[in-house]
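Colleague: Pasting in a structure now, in structure tokens, and then I'll have a few things to ask.
Chains as they are written, first to last, in this note's numbering: chain A, 272 to 424; chain B, 356 to 554; chain C, 15 to 130.
Right, here's the structure in full:
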């Protein structure tokens, strides 16, 4: 399990232990990864986050067209694995969760503990802090070196 | 909004390639995907129709490596260009840290470029973002086409580049100008972060 | 009221039964319910289906047949579960400590049998 902010860790660990989910991804509504468990490649995580956030964003818009407030969760039940996608509001803005689970658990259990996770996250989330300048004086040189290494020119 | 984490020292930025239909946004990403070393990029995800028109978005994550001690990642998105896909364009634009506007240099597409640029401004404004506050670079694609079909970069600058931002002539299919554009937007976005501006 | 809810009503009418549910075994979701206030049907359904699935696997590993009735005896009441319809559904009842468990069990087995 990997989290960008430490306060996300304990509730997420609790969720994983109780729900027996295989993969969990927490992201902002813009698709930025906040926490993850079960992925092997960090860059694949980003693609999954972009797609998951996109699905939730589009179903929310569909709900809006139908004068609904939004869908609580979206569940896709496959033959081998199932997936739950859900958007929720936190003191840190709107987040999206993507959970993949197998036959060792059930959608009912995953949903049950997912709701618990959301309640816990909302309860323990510290308020948003303003971003300070993040990059040091070597920034210009290192940026150029990185861009050169990546783009080769 | 870029995600900066001080604990794990990571920065993730979202760059959106915007522009009219068939201007070459997906082609830009495909070229980048093909040229960046495999260990520095993820899979390219394309949600397209059978006719290879972007339906929702294309997505390509890039790993820029370490900058000032921060692991820096970019997420490149394209939007569908056709005017009737505005709802999905708005979704993809949410939380963008920078925009590459890919214009089609063909003279007959001039109005489409203008319309798309206006649409970008409107969609950003709807999300409470003034386009003047957001890092944007322009790319004039298809400059390889015969001179009598295309407008020059100077002419396009005159017509589209109101803010005097960085602009690049390009031939995305063969790669000319693609990395220059990406480097341009990367610099703008990261400089803005370094300056401590509200991201 | 659906046919299932009418059937479940027979179970919840037994003295001391606080609620009865029909639960999908595979996904742990409530199919039908007849519950008193204060019983969290969604949570009981998810956890009972998980428990029944595990116990069925355990008895299978031990070379036994799948359990016909599960009975969890807690300090303040009981949880009863009866697999039905080729183990795709689970009839679940939550009872008080002083419930008429014998009759509740009979009704549950009858409902389960009626489901095929």
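Each residue gets a CB set at the ideal place from its N, CA and C atoms; glycine is no exception.
Since the model is a prediction, treat every value here as computed from it, not as a measurement.
Between residue 376(A) and chain C, is the shortest Cβ-Cβ distance under 8 Å, so that the two count as touching?
Modeller: Walking along the first chain from the start, residue 376(A) turns up at place 105. Using a Cβ-Cβ cut-off of 8 Å, residue 376(A) counts as an interface residue toward chain C, since at least one Cβ of chain C sits closer than that to its own.
Colleague: Would you kindly report the start and end of the unbroken beta strand (DSSP E) that includes residue 35(C)?
Modeller: Locating residue 35(C) in the third chain gives position 21, where the first residue counts as 1. 31 to 38 is the span of the beta strand (DSSP E), which, as asked, contains residue 35(C).
Colleague: Among 386(B), 420(B), 389(B) and 382(B), which residue has its Cα nearest to the Cα of residue 415(A)?
Modeller: As a working note, residue 415(A) is residue 144 in the first chain. Closest by alpha carbon: 420(B).
Colleague: Please classify residue 485(B): does DSSP put it in a helix, a strand, or coil?
Modeller: Counting from one through the second chain, the residue named residue 485(B) turns up at place 130. Coil at residue 485(B), not helix or strand.
Colleague: In chain order, what residues of the same chain have a beta carbon less than 6 Å from the beta carbon of residue 400(B), not counting five sequence neighbours either side?
Modeller: Working through the second chain from its first residue, we reach residue 400(B) at position 45. Correct list, in chain order: 414.
Colleague: Please give the ranges of any alpha helix (DSSP H) in the segment 27 to 88 of chain C, keeping only runs that are unbroken, at least 4 residues long and fully inside the region.
Modeller: 55 to 75
Colleague: Below 8 Å CB to CB, which residues in the same chain sit around residue 425(B) once its five sequence neighbours on both sides are set aside?
Modeller: Residue mapping note: residue 425(B) aligns to position 70 of the second chain, counting from 1. Within the same chain, residue 425(B) has close Cβ partners 359, 364, 365 and 366.
Colleague: Rounding to the nearest angstrom, what Cα-Cα distance links residue 543(B) and residue 525(B) in this structure?
Modeller: Here residue 543(B) refers to the residue found at position 188 when the second chain is read from its first residue. Here residue 525(B) refers to the residue found at position 170 when the second chain is read from its first residue. Using only the alpha carbons, I get a separation of about 19 Å.
Colleague: Going by DSSP in three states, residue 513(B) sits in which element: helix, strand or coil?
Modeller: Taking the second chain and counting its residues from 1, one reaches residue 513(B) at position 158. Three-state result, residue 513(B): helix.
Colleague: Hey, does residue 454(B) have any beta-carbon neighbour from chain A nearer than 8 Å?
Modeller: Indexing the second chain from 1 puts residue 454(B) at position 99. Output row for residue 454(B): interface = no.
Colleague: Could you tell me whether the Cβ of residue 340(A) comes closer than 8 Å to any Cβ of chain B?
Modeller: For this step, residue 340(A) is matched to residue 69 along the first chain. Chain B contact via Cβ: absent.
Colleague: Any beta carbon of chain A sitting closer than 8 Å to that of residue 419(B)?
Modeller: Walking along the second chain from the start, residue 419(B) turns up at place 64. Yes, residue 419(B) lies at the interface with chain A (some Cβ there is under 8 Å from its Cβ).
Colleague: Just curious, the alpha helix (DSSP H) that residue 462(B) is in, first and last residue?
Modeller: Residue 462(B) sits at position 107 when you count from the first residue of the second chain. Where residue 462(B) is concerned, there is no enclosing alpha helix (DSSP H), given that its DSSP letter is neither H nor E.
Colleague: List the residues of chain C that residue 383(A) touches, going by C-beta distances under 7 Å, in chain order.
Modeller: Along the first chain, read from residue 1 onward, the residue named residue 383(A) stands at position 112. By Cβ distance, chain C contributes 56, 57 and 60.
Colleague: Runs of 3 residues minimum, wholly inside the segment 280 to 356 of chain A: which ones carry the beta strand (DSSP E) assignment?
Modeller: 294 to 299, 304 to 308 and 345 to 348
Colleague: Classify residue 392(B) as buried or exposed, calling it buried when 16 or more other Cβ atoms lie within 10 Å of its own Cβ.
Modeller: Along the second chain, one-based indexing puts residue 392(B) at 37. Classification for residue 392(B): exposed.
Colleague: Does the segment 450 to 464 of chain B come close enough to the segment 492 to 505 of chain B that 3 or more CB-CB pairs lie under 8 Å?
Modeller: yes
Colleague: Would you report the Cα separation of residue 387(B) and residue 381(B), rounded to the nearest angstrom?
Modeller: Here residue 387(B) refers to the residue found at position 32 of the second chain. Here residue 381(B) refers to the residue found at position 26 of the second chain. C-alpha separation (whole angstroms): 10 Å.
Colleague: Residue ranges of each alpha helix (DSSP H) run of no fewer than 4 residues wholly in the segment 356 to 410 of chain B, ordered along the chain?
Modeller: 380 to 390
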